[in-house]
Amino acid sequence: MLITFHTDAFADITLFGEVGLSFLKSMGHSGTVPGAILAADVPAALAGLRAGVTAAAPVAQTDADEPPVSMSNRALPLIQLLEAAIAAKADVMWD
């Protein structure tokens, strides 16, 4: 499963389902797909995501030939999307 995040202020961001659901829960959402966050609630969602990424356990590495990708690195595009949504006072949706 893939989850794609949309806002009028930034390009779409697509994440693998497990990672996307983890980020949604960090943002204070139930994790249902599809869903949305109103513009007024995006700053709180961003704060929750940043806190969740900081507290996240390291991701288990499944491929010995590839370097591990931290949750903070995986979250960076979504953080940028949320920051752009805040600046433009835009809603964020995902499906």
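Following our numbering, the residues of the sequence shown are numbered contiguously, the last one being 102.
Built from N, CA and C at the ideal position, the CB exists for glycine as well.
Note that the coordinates shown come from a computational prediction; the quantities given were computed from them, not determined experimentally.
Exercise. Given a threshold of 16 other Cβ atoms within 10 Å of its Cβ, counted over all protein chains shown, does residue 76 qualify as buried or as exposed?
Worked result: Classification for residue 76: exposed.
Exercise. If we cut at 8 Å on Cβ distances, does residue 34 have a partner in chain B?
Worked result: Absent here is chain B; the protein component of the structure consists of one chain.
Exercise. First and last residue of the beta strand (DSSP E) that includes residue 100?
Worked result: For residue 100, the enclosing beta strand (DSSP E) has its first and last residue at 99-101.
Exercise. For residue 43, does the three-state DSSP call read helix, strand or coil?
Worked result: Note: residue 43 maps to strand in three-state DSSP.
Exercise. Bridge partners of residue 13, per DSSP?
Worked result: Under DSSP, the beta-bridge partners assigned to residue 13 are 100.
For this session: Please determine, among 15, 84, 21, the residue with the shortest C-alpha to C-alpha distance to residue 53.
Result: The shortest C-alpha separation from residue 53 is found at 84.
Problem set entry | Straight-line gap, residue 34 to residue 74 (C-alpha atoms, nearest Å) | Rounded to whole angstroms, residue 34 to residue 74 spans 27 Å at the Cα level.
Problem set entry | Cross-strand partners of residue 21 (DSSP beta bridge) | Here residue 21 is bridged, per DSSP, to 11.
Exercise. Among the residues of its own chain, which have a CB less than 8 Å from the CB of residue 13, if the five just before and after it don't count?
Worked result: Excluding five sequence positions before and after residue 13, the CB atoms of its chain that fall closer than 8 Å to its own CB belong to 19, 99, 100, 101, 102, given in chain order.
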